[in-house]
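A.B. asks: Residue numbers (the numbering used here): 578 to 767.
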């Protein structure tokens, strides 16, 4: 499970935004993570390092109490290749679109979505595509840094391969295929 906060309870990359600061025309933001924030995110996500992390976001109002945040997380991360065990850099470019609602509304919509999923599983055994319920607005704020960290983690390849790295299975002699009991028969002869 991923840690979303450090030992002080703060997320490693945090950019709180007050809902009241978003006007009718919305906001366009570009956020950069500091070296310290990138280091903390790399540790959280099990990476060797993050040399760059930029977030571009457009925040717009959806009615009086809701926000929609649409944008991209771009990063250069250092990972270990699962084939060669060598370090290499890879680029992440992860789009996102998230709606935010007041905390009580978000919790109610989440509960309703979970009930619909359970009902669909009971009836058909398969799930129809459901829109994601909104994320909660907490104390009148949303955290664009925490949102970016979440989508950075989602954009990571769980089995990263260095470009050009190929897995080659061990090939034994093409001669006679040994019996799985060959080792046992050697012991018996001794």
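Where is the CB? At the ideal position from N, CA and C, for every residue including glycine.
1. Looking only at DSSP bridge pairs, what is residue 677 linked to?
2. Could you give the first and the last residue of the continuous alpha helix (DSSP H) run that contains residue 587?
3. Under three-state DSSP, which class holds residue 599?
4. Among 733, 596 and 745, whose alpha-carbon lies nearest the alpha-carbon of residue 667?
5. Taking residue 600 as the reference, give the member of 611, 687, 678 and 636 with the closest Cα.
6. How is the beta strand (DSSP E) around residue 663 delimited, first residue to last?
7. So, for residue 676: in the same chain, excluding its five sequence neighbours on each side, which residues have a beta-carbon less than 6 Å away from its beta-carbon?
8. First and last residue of the alpha helix (DSSP H) that includes residue 622?
9. Could you give the residue range of the alpha helix (DSSP H) that holds residue 742?
10. Can you name the start and end residues of the beta strand (DSSP E) that residue 626 belongs to?
11. For residue 736, which residues from the same chain have a beta carbon less than 7 Å from its beta carbon, with the 5 sequence-adjacent residues on both sides left out?
12. Name the DSSP bridge partner or partners of residue 757?
13. What does DSSP give as the partner residue(s) for residue 671 in the beta ladder?
C.D. replies: With the given structure in hand:
1. Locating residue 677 in the chain shown gives position 100, counting from the first residue. Partner(s): 644 and 712.
2. The sequence position of residue 587 within the chain shown is 10, counting from 1. Looking at the DSSP string, residue 587 is not in any alpha helix (DSSP H), and its letter there is neither H nor E.
3. The residue given as residue 599 occupies position 22 in the chain shown. Coil at residue 599, not helix or strand.
4. Counted from its first residue, the chain shown places residue 667 at position 90. Selected option, being the one with the closest Cα: 733.
5. As a first step, residue 600 is located in the chain shown; it is residue number 23 there, counting from the start. Per the Cα distances, 636.
6. Stepping through the chain shown from its first residue, residue 663 is reached at position 86. Note, residue 663: premise wrong, no beta strand (DSSP E); not H, not E.
7. On the chain shown, position 99 is the one that residue 676 refers to. Here the set comprises 645 and 711.
8. On the chain shown, position 45 is the one that residue 622 refers to. 612–622 is the span of the alpha helix (DSSP H), which, as asked, contains residue 622.
9. Along the chain shown, one-based indexing puts residue 742 at 165. Counting along the chain, residue 742 falls outside any alpha helix (DSSP H), and DSSP gives it neither H nor E.
10. Taking the first residue of the chain shown as position 1, residue 626 is located at position 49. Counting along the chain, the beta strand (DSSP E) containing residue 626 begins and ends at 626–639.
11. Locating residue 736 in the chain shown gives position 159, where the first residue counts as 1. Within the same chain, residue 736 has close Cβ partners 659.
12. Numbered from its first residue, the chain shown carries residue 757 at position 180. For residue 757, no pairing in a beta bridge is given by DSSP.
13. For this step, residue 671 is matched to residue 94 along the chain shown. According to DSSP, residue 671 bridges with 650.
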